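Protein chains in written order, with this note's numbering: chain A, 1 to 191; chain B, 192 to 382.
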DNA sequence: GTCTATAATACGATAGAC
DNA sequence: GTCTATCGTATTATAGAC
């Protein structure tokens with residue numbers, strides 16, 4: 001059977017690392033908030049904190065893939081679909097009290113120069129999201145190369161705007177980015 | 192006299208937090224690499240790690256303000272100036288072995304939900320860079336409001352692209368973002 | 001499989017000699 | 001002002017009962 005306690009530990013890890021980052025989040029804190037004892041943690045994740053963080057990144061990556069897919073399939077036109085996605089994202093971040101944004105960016109930054117395994121796991125997550133956006137943009141008439149570049153800008157702008165909105169405690173950066181991205185997509189349509 | 196040892200401590204802090212983030216960087220490591228003893232650190236920064244991190248963020252903020260200003264004053268046309276800035280940035284990040292990118296983003300993420308003082312210090316840094324870009328864009332014919340939105344996108348895209356390039360260990364994300372931003376600025380020129 | 005107690009180590013911060 | 005030794009408390013990880 002699929003262990004529910006394992007999932008609880010992973011989700012708690014996601015929440016805490018989202019707010020505090022990788023190194024600031026202690027195993028004891030994860031255990032306390034998830035209600036699991038230390039023995040369980042090392043039973044499910046024998047390699048300890050790194051293995052747990054990898055599971056958290058992969059869990060978040062899949063969840064966001066689902067979010068992106070559901071919006072992009074619901075709205076046919078690429079520019080409108082991306083605008084919708086960004087609008088929803090801005091609302092989610094604001095509603096969370098500017099704590100949402102996912103644990104991946106924090107983990108990516110803290111591990112980029114110090115932990116190859118975590119770095120690659122984060123890179124894979126970004127790549128998976130970019131691929132989804134790039135494929136959608138191609139249906140709007142962009143070449144494969146141009147769609148890939150636009151998707152990269154999109155991921156970069158989203159990650160950056162989340163950081164700016166959290167630092168400013170304001171939805172404005174996310175909203176401004178949404179508006180300018182929309183402008184870019186309309187300008188370069190089938191370019 | 193202006194203490195050189197104080198500056199050494201600050202610069203070492205910038206370098207280490209740039210690679211590892213705030214919580215992963217220990218005071219002992221900063222002391223070891225800067226050659227300063229623990230007593231000196233608490234003499235110059237009586238409030239400890241937080242005060243030191245604030246000094247590091249402000250130091251980096253001013254340095255980057257200088258970088259932006261020097262490029263934007265050297266190149267008259269806004270779109271060309273921004274393209275030049277992004278190209279230089281991509282080279283710097285690659286040359287550093289994908290370790291550069293500044294300590295601010297890592298500190299911003301780790302402190303956004305847990306430390307108001309650090310959060311505001313990071314926000315001020317982002318705001319100062321945005322203001323410089325926005326002012327330059329206004330000279331290119333954009334309205335104040337549109338210039339501000341574009342500058343926000345610019346900062347967001349740059350911060351995000353640095354994270355993507357570091358995670359991918361490739362200059363491509365930064366280069367792709369530079370190209371698409373250039374396209375956007377040419378599309379919407381005096382729009 | 002599940003849990004507790006504890007080991008080994010690193011942290012930030014402080015006290016006090018010089 | 002400059003430095004060292006140390007305190008108290010976190011951390012990750014492990015050992016071993018049940």
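Glycine included, C-beta positions come from ideal geometry on N, C-alpha and C. Here the structure is a predicted model, which means the values were calculated and not measured.
Rounded separation between residue i and residue j - CA only
{"i": "residue 354 (chain B)", "j": "residue 27 (chain A)", "result": "26 Å"}
{"i": "residue 36 (chain A)", "j": "residue 88 (chain A)", "result": "33 Å"}
{"i": "residue 120 (chain A)", "j": "residue 359 (chain B)", "result": "8 Å"}
{"i": "residue 23 (chain A)", "j": "residue 205 (chain B)", "result": "17 Å"}
{"i": "residue 165 (chain A)", "j": "residue 347 (chain B)", "result": "10 Å"}
{"i": "residue 294 (chain B)", "j": "residue 5 (chain A)", "result": "36 Å"}
{"i": "residue 256 (chain B)", "j": "residue 319 (chain B)", "result": "7 Å"}
{"i": "residue 154 (chain A)", "j": "residue 58 (chain A)", "result": "20 Å"}
{"i": "residue 266 (chain B)", "j": "residue 272 (chain B)", "result": "5 Å"}
{"i": "residue 191 (chain A)", "j": "residue 184 (chain A)", "result": "Residue placement at residue 191 (chain A) is flagged as unreliable, the pLDDT there being 46, under the threshold of 50; the coordinate-derived value follows with that caveat. Computed Cα separation, rounded: 11 Å."}
{"i": "residue 40 (chain A)", "j": "residue 46 (chain A)", "result": "10 Å"}
{"i": "residue 34 (chain A)", "j": "residue 101 (chain A)", "result": "20 Å"}
{"i": "residue 233 (chain A)", "j": "residue 239 (chain B)", "result": "This structure does not reach residue 233 (chain A), given that chain A is present from 1 up to 191, and the question cannot be answered."}
{"i": "residue 380 (chain B)", "j": "residue 180 (chain A)", "result": "13 Å"}
{"i": "residue 61 (chain A)", "j": "residue 147 (chain A)", "result": "21 Å"}
{"i": "residue 134 (chain A)", "j": "residue 38 (chain A)", "result": "42 Å"}
{"i": "residue 123 (chain A)", "j": "residue 54 (chain A)", "result": "12 Å"}
{"i": "residue 288 (chain B)", "j": "residue 132 (chain A)", "result": "29 Å"}
{"i": "residue 68 (chain A)", "j": "residue 290 (chain B)", "result": "30 Å"}
Contact set between residue i and chain A, taken where Cβ atoms lie within less than 9 Å
{"i": "residue 368 (chain B)", "result": "149, 152, 153, 156 and 157"}
{"i": "residue 286 (chain B)", "result": "Going along chain A, no residue has its Cβ under 9 Å from residue 286 (chain B), so there is no contact; the nearest lies around 14 Å."}
{"i": "residue 205 (chain B)", "result": "Correct list: empty, because the minimum Cβ distance to chain A is about 14 Å."}
{"i": "residue 290 (chain B)", "result": "112 and 113"}
Contacts that residue i makes with chain B (C-beta to C-beta distance below 7 Å)
{"i": "residue 109 (chain A)", "result": "212, 296, 297, 300 and 354"}
{"i": "residue 173 (chain A)", "result": "343 and 347"}
{"i": "residue 142 (chain A)", "result": "Correct list: empty, because the minimum Cβ distance to chain B is about 11 Å."}
{"i": "residue 29 (chain A)", "result": "Under the 7 Å cutoff, chain B gives no residues; its nearest Cβ is about 12 Å from residue 29 (chain A)."}
For residue i, three-class secondary structure by DSSP
{"i": "residue 362 (chain B)", "result": "coil"}
{"i": "residue 306 (chain B)", "result": "coil"}
{"i": "residue 12 (chain A)", "result": "helix"}
{"i": "residue 333 (chain B)", "result": "coil"}
{"i": "residue 66 (chain A)", "result": "helix"}
{"i": "residue 317 (chain B)", "result": "helix"}
{"i": "residue 60 (chain A)", "result": "helix"}
{"i": "residue 379 (chain B)", "result": "coil"}
{"i": "residue 160 (chain A)", "result": "helix"}
Under 9 Å by beta carbon: chain B residues contacting residue i
{"i": "residue 62 (chain A)", "result": "Within chain B, no residue comes near residue 62 (chain A); the closest Cβ sits about 18 Å away, beyond 9 Å."}
{"i": "residue 11 (chain A)", "result": "Chain B residues near residue 11 (chain A): none, gap ~17 Å exceeds 9 Å."}
{"i": "residue 39 (chain A)", "result": "The contacting residues do not exist; residue 39 (chain A) stays about 26 Å from chain B at best."}
Contact set between residue i and chain A, taken where Cβ atoms lie within less than 7 Å
{"i": "residue 314 (chain B)", "result": "167 and 168"}
{"i": "residue 379 (chain B)", "result": "183 and 187"}
Whole-Å CB distance - residue i paired with residue j, under 8 Å assumed
{"i": "residue 263 (chain B)", "j": "residue 327 (chain B)", "result": "5 Å"}
{"i": "residue 151 (chain A)", "j": "residue 130 (chain A)", "result": "5 Å"}
{"i": "residue 369 (chain B)", "j": "residue 277 (chain B)", "result": "4 Å"}
{"i": "residue 175 (chain A)", "j": "residue 106 (chain A)", "result": "Not quite, the Cβ-Cβ distance comes to about 23 Å (not below 8 Å), so this is no contact."}
Contacts that residue i makes with chain B (C-beta to C-beta distance below 8 Å)
{"i": "residue 128 (chain A)", "result": "Those do not exist, as residue 128 (chain A) stays about 12 Å from chain B at its closest Cβ, beyond 8 Å."}
{"i": "residue 24 (chain A)", "result": "213, 214, 301 and 305"}
{"i": "residue 44 (chain A)", "result": "None at all; the shortest Cβ gap to chain B is about 24 Å."}
Beta-carbon neighbours of residue i, restricted to chain A and to distances below 8 Å
{"i": "residue 195 (chain B)", "result": "Per Cβ cutoff of 8 Å: no residues; residue 195 (chain B) is ~27 Å from chain A at best."}
{"i": "residue 242 (chain B)", "result": "Simply none; closest approach about 18 Å."}
(Q) For a minimum of 4 consecutive residues, which ranges assigned as the alpha helix (DSSP H) are wholly contained in the region 215-247 of chain B? (A) 218-225 and 229-235
Q. What runs of the beta strand (DSSP E), each 3 residues or longer, lie entirely inside the region 75-106 of chain A?
A. none
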